[in-house]
Amino acid sequence: MDFITALLVAALSAGTPLLFATLGGILSERCGVIFLGTEGAMLMGAVVSIMTLSRTGSWPLAVVMAMLVGAAFGVLHGVLCVSLKANQTVSGMAITLFGTGLSAFLGKPYAGLPVPAGIPKLNIPVLQDVPVIGDLFGSQNVLVWASFMLVIAMQAYIYRTGWGLKLRAVGDSPSTADAMGIQVAAVRYGHVVAGAMLIGLSGAYLVLVFSPNWMEGMTAGRGWIAVALVIFARWNPVRALLGAYLFGAFEALGYRIQTVTDAVPPYFLKMLPYLITILVLMIIGWNNRRKPSGQPQSLGAPYYREQRT
Amino acid sequence: MSIQQASSAGGSVTTPVIDSAAEYSVAMTGIRKTFGSTVAIDGVDLAVRRGEIHALLGENGAGKSTLMSVLFGIYKPDAGTVMINGQEARIRSPKDAAGCGIGMVHQHFRLVSSMTALDNIVLGESGGAAGLWRGAAWRRRKSAEITRLCEQYRLSVPLDRPVWQLSVGEQQRIEIMKTLYRRCSVIVLDEPTAVLTPQEADDLLLTLQELKKDGKTVILTTHKLREVMAACDRISVMRKGTMVRTVRAADTNEQQLAEWIMGREREKAEQTEPAAGRRPQAPTGEPLLELRGVQALGDHGELALQSFDLTVRRGEIVGVAGVAGNGQKELAEVIAGSRPRVGGEIRLNGEPIQQATIKGMTRRGVAHVPENRMKTGMAGALDVVDNLLMKSYRSRERSAFGLLRKKANAAWAQSLVERFAVRTPDIATPVRMLSGGNQQKLLFARELQQRPLLMMAVHPTQGLDVGAAESVHRLLLQLRSEGSGVLLISEDLDELIKLADRIVVAFNGGANGEFHAAEASRASIGMRMTGLMEPARTGGLAEGPIRPRTSEGGR
Amino acid sequence: MNSKAVVIPGGKYRLEWSSRAASASSGLIVSVASVVLALLFSGVFIALNGLNPVFVFETMARGAFGTAGGLSETLVKAIPLLLCGLGVSFAYRISIWNIGAEGQFVVGAIAATAVTIYFPGMPHWSYLPVMFSAGALAGGVWGLLAAVPRTHFQVNELISSLMLNYIALLLLDYLVFGPWKDPAGFNFPGTPMFETWMQLATFGTGRLHLGLFIGLGGVLVYWLIMYRMKWGYELRLLGANPEAARHAGISVTKQILLVMLISGGLAGAAGMAEVSGVSHRLMYSISPGYGYTAIIVAWLAKLNPWGLIVSSVLCGGVIVGGYSVQMIGLPASMSLIVQGSILFFLIGGEQLRSYRVRLRLTSKPGGE
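Residue numbers (our numbering), protein chains in the order written: chain W, 1 to 309; chain V, 310 to 864; chain Y, 865 to 1232.
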């Protein structure tokens, strides 16, 4: 494999957890609820999946458990932000702190242990032999394929179904949606929970596939990068795919450069994704200064029905 | 909000006799609705025949919107019954109302601005599993279906553009389409022409005729006589929360309607008001604020203020009348210094203002009672003292060496609260706990204690009850008698006629004519507001009160 | 008043709730209740680990507050928490969600150390003031780096401040594993020990150092600014209603930049106090997450200056208590769980506080 191909393969691998988490963020933010607990929920997803896998040996169960623990955080966020109308930012910070702590607590016995049996790969006979594409897709694991499907499904769901229409209406104008007989709270709960499940799944991918052993705080800011990617993607699943692989590539680039030269200390190369996240957001902000960013208009605001009886 | 004191309800009213309930698609009897201790509407009957255009006429605050909100299930009435097509209906929510075939076009549209018209129209539709997938074929089908409806009622609606790109008239047509798409048989329009240009208003009236032809029942709340006479079959007049009477349009005329709307107070007002402190001749004070050809951009980058001319002298109240969206908001913001001016000239006290900033204009003695007091005027979570300090905390009396004079400020706040009779438990109470009237008094207290040269008040009595509005009026009149200039921007013509020495009409971002108090009448101002009459064409009036629109400078 | 009610199944009672003004005393109740509930909640995880929660909490409390040594260690942890907590409180007052105190703390520590490394020949008395200034300034600049994207490029400051944390930590790793590593340190990732005149003096028992007074001074300054100064008034106004603040002639951009400079500066000062007062050198993982715990400290105190003193000591105790339960087989991350759940109960309770909840008979007694 040449440098570029190796980089692409690494980008795909590093981009997939970002993709799941970004898609989760999109689902939640589309209905108007910011989910900033991504980092914590990812860590919890990771630790729960490794616990499940090492106890039962079943990877599908591990993935399901990761999604369930994500859902639990989604419900928590929903209770605080949709029902109690608490500050969404603070609730997200609480989830991140709590998830970081609890995952470290639960993961202590598993730290550094190798992950038993990984997730199966799909070997596609003919495709495997095509030069670059074969390296990329010829023998990719099932979760990567699942992420492709998810992008297509979410794109269709948001823009091509009645439910997606309601979702967008709730995110942009909950009062209008309410007047049209849509249950605003139900839509918000549903999508926050579904989004948090995907974030849990991204944690499972991280520990089962990407870097197969548990480490405290192993997400290393990926959750926050995913929050930034939601903005980069303009709340659109297909753009999320592009953004996730782009950031995956930056992450991979750091490691690749180390193999080629040692002129730059590795610490500085590791800073790349974080620096680029800020820079990209600045460029987006600069471009958007005179036009709408595509952000759901009720984002961050709890919905109070105006009514006097 | 239509709120009034309980004591003033009642009086002699004529109610329609409901002979055969089945003849009416809507029959409301004995409706009463109170908000706290105030009675909004009391004992109101309304009967609307099937297939007619029925106008609900009345002043701001007469109770029209409250009555319609009861019909649409937004408010639950304290007493009274609602019959729909002869059947008693229990309408507890907008959803119930939709179930009864009632559709409502609100004054403030309920549209998702980022979505297309088509999406907005089909939004509430559940459609079941079959309606879930909304691909190209579904879009084509719906588009054809809605286009057919549009053609049937001669409504032109661009279906595929996001709503935020559409004009107000187009957005209103989408709202109407929503009710038609849901096959509503009763369509209520709340003040539909308030936001429209005259041309759009005419189109709307034609549309209503189409609806009628198709057998729909249309209820229209308004306070504009012209369109009522032009388009409606029957008219119900409300005043102060009661129903005055219901008549056929053919049996009445504008004069008579106006009398019913205003009651006897109208004459009283016209006779007594000028005596109460208004100067008979034009004020001769020196010019305080002068605007020449001022231009400013609106929120969407359009030229919202196109060459506005205005003069306010010492000791006079100048009113700015106009339908919302004709540049009043931008005018106020330019003078306050919160919106940059792109052309023209502003002079304050004879001095040209190069670049107006909020801080600079405040220092020069411009006080500002903004349109939405809790949004821009006050901080609800902060207490009375902190809110009073907002404009003056930089002054020597309020702070020294970077520190606030805590004790002096508390005493000062206490004295202001007493002087302006603000009802508050104490000065450490967060202002969001105060009533709207007391918040407004507090705001006036803050703005007035700086002894402003110029007071700019934007919709100062909006949302206030009669008593509170009265005290706001007194404050403005007092300011004038103390020699300050007052610029009063309001949509309430009565308020303007009652208070202003001169009234400037804002239309399409410019000043479309000017009236002295003596010549001002609702009819003549109304024509300017709608652009039916432009200064160039009205030579007869131009000599005294009307200054031609000039476009010098600012180009 | 907006009031609602539900009839409890059975029909005899109904639960009524109506909105009301949140009183100051109920705020204190929420804070205390949150801590209690968070401990109960964390107890569940301890029990799942096969240990007796009561015993564990007793051990934590004794470790943190039970002995003079423990108490002194708790106060040592409370110093950086108090300073970082003050920093984030400044920002939260105007709804700027600075979660970058961790990074600001680290660069403060780095800058203070840089003074000791690059300027070895200064007069001895001048080191502490220069190190303090360097630390505070570096933290402030780091805060500005997070704020400028917000003010001029509409970047969410949560993301920018957090990304800068990772960058600061990588910078720290680079320095202590690389150019600044003590050649005589047997490969330990840390700089050489500071000279005595570069250290904040300790007093009392244990490692308690003069940084305590920097923290208490900070509280006084915070109180003075917020409740007595003109500038604090502007900040309170900005926090309560930015639009109204703009109409009072306050420049929002300027205030955000200023506040982030101060906010970062306080965290940077905490970093200086830590290297100069506790570790006496810059080293690998200088902070056990002080910058993140500071968020809890600030919320628990409801951004109140005096409350900050109490909450920083409490959270310092949770950290020290966390160390002491490691000996009975619980990971130190226990303290993070307690902290995170405190925040949950705080924000949940905060919302409930604005309702008056009452249980009433559905019909008047004797009315049947």
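Glycine included, C-beta positions come from ideal geometry on N, C-alpha and C. Since we're looking at a predicted model, the values are computed, not measured.
The Cβ neighbour count for Ile430/V, taken over all protein chains shown within 10 Å, is at least 16; the residue is labelled buried. Taking C-beta atoms as the reference points, Val795/V and Glu660/V fail to come closer than 9 Å. In this model, Ala737/V and Leu752/V are separated by some 16 Å (Cα to Cα).
Contact check between the segment 56-66 of chain W and the segment 203-210 of chain W: three or more CB pairs, one atom from each, fall below 8 Å, which counts as touching.
Interface annotation, Ile182/W: in contact with chain V, CB-CB separation under 9 Å. The residue from Pro734/V, Arg760/V, Arg811/V and Asp801/V with its alpha-carbon nearest to that of Leu788/V is Arg760/V.
Residues of chain Y with a Cβ closer than 8 Å to the Cβ of Thr16/W do not exist; the shortest Cβ-Cβ separation is about 21 Å. With respect to the C-alpha of Pro120/W, the residue from Phe35/W, Trp59/W and Gly200/W having the closest C-alpha is Trp59/W. Contacts between Arg1100/Y and chain V, judged by CB atoms closer than 7 Å, involve Leu691 and Asp695 in chain order. For Ala86/W, the three-state secondary structure derived from DSSP is coil. Neighbours of Lys525/V in chain Y, taken as residues at a C-beta separation under 7 Å, are lacking, since the least C-beta distance is about 36 Å.
Within chain V, the residues Lys684, Thr685, Gly686, Met687, Ala688 and Met699 have their CB atoms less than 8 Å from the CB of Ala1108/Y, given in chain order. Between Gly951/Y and Ile1126/Y, the CB-CB gap stays under 9 Å. A direct Cα-to-Cα measurement between Gln88/W and Asn1020/Y gives close to 14 Å. Contact check for Phe1208/Y and Phe98/W: beta-carbon distance about 7 Å, within the 8 Å limit, so the pair qualifies. Within the segment 1001-1021 of chain Y, those residues whose Cβ lies closer than 7 Å to any Cβ of chain W are, in chain order, Pro1013, Phe1017, Gln1018 and Val1019. Interface with chain W (9 Å Cβ-Cβ cutoff): Ile1023/Y is included. Taking 8 Å as the cut-off between beta carbons, the residues of the segment 398-414 of chain V near chain W are Pro403, Lys404 and Ala407, in sequence order. By a beta-carbon distance limit of 8 Å, Ser452/V contacts Leu427/V. Their separation comes to about 6 Å. Going by DSSP, Gln615/V is part of the beta strand (DSSP E) stretching over Leu612 to Arg622.
For the options Ile1150/Y, Gly1132/Y and Gly1103/Y, the alpha carbon positioned closest to that of Gly1079/Y is the one of Gly1132/Y.
The Cβ of Gly1204/Y sits closer than 9 Å to at least one Cβ of chain W. Setting aside the 5 residues that flank it on each side, Gln968/Y is surrounded in the same chain by Gly1003, Trp1006, Gly1007, Gly1128, Ala1131 and Gly1132, each with a C-beta closer than 6 Å to its C-beta; the list follows chain order. Here the alpha carbons of Phe816/V and His77/W stand approximately 49 Å from one another. At least one C-beta of chain W is nearer than 9 Å to the C-beta of Tyr1156/Y. Spatial neighbours of His677/V in its own chain (CB-CB distance under 6 Å, excluding positions within 5 residues in sequence) are listed in chain order as Ala645 and Met765. DSSP places Tyr333/V in the uninterrupted beta strand (DSSP E) bounded by Tyr333 to Phe344. When 9 Å is used as the limit between beta carbons, Trp163/W is near these residues of chain V: Leu441, in chain order.
Across the segment 901-930 of chain Y, CB contacts with chain W closer than 7 Å involve Phe909, in sequence order along the chain. Secondary-structure assignment with DSSP links Met552/V through a beta bridge to Met547/V.
Cβ contact annotation for Ile963/Y (same chain, cutoff 8 Å, sequence separation greater than five): Val952, Leu1022, Ser1025, Leu1026, Asn1029, Gly1155, Tyr1156 and Ile1159, in chain order. With its beta carbon less than 9 Å from one in chain W, Asn1029/Y belongs to the interface.
Along the segment 950-971 of chain Y, there is no position whose C-beta sits under 9 Å from a C-beta of chain V. Taking the Cα of Ala228/W as reference, the smallest distance to any Cα among Tyr274/W, Ala186/W, Ile257/W and Met215/W is reached at Tyr274/W. For Tyr384/V, no CB of chain Y lies under 9 Å from its own CB, so it is not counted at the interface with that chain. Inter-residue distance for Leu136/W and Leu8/W is about 7 Å (C-alpha atoms, whole angstroms).
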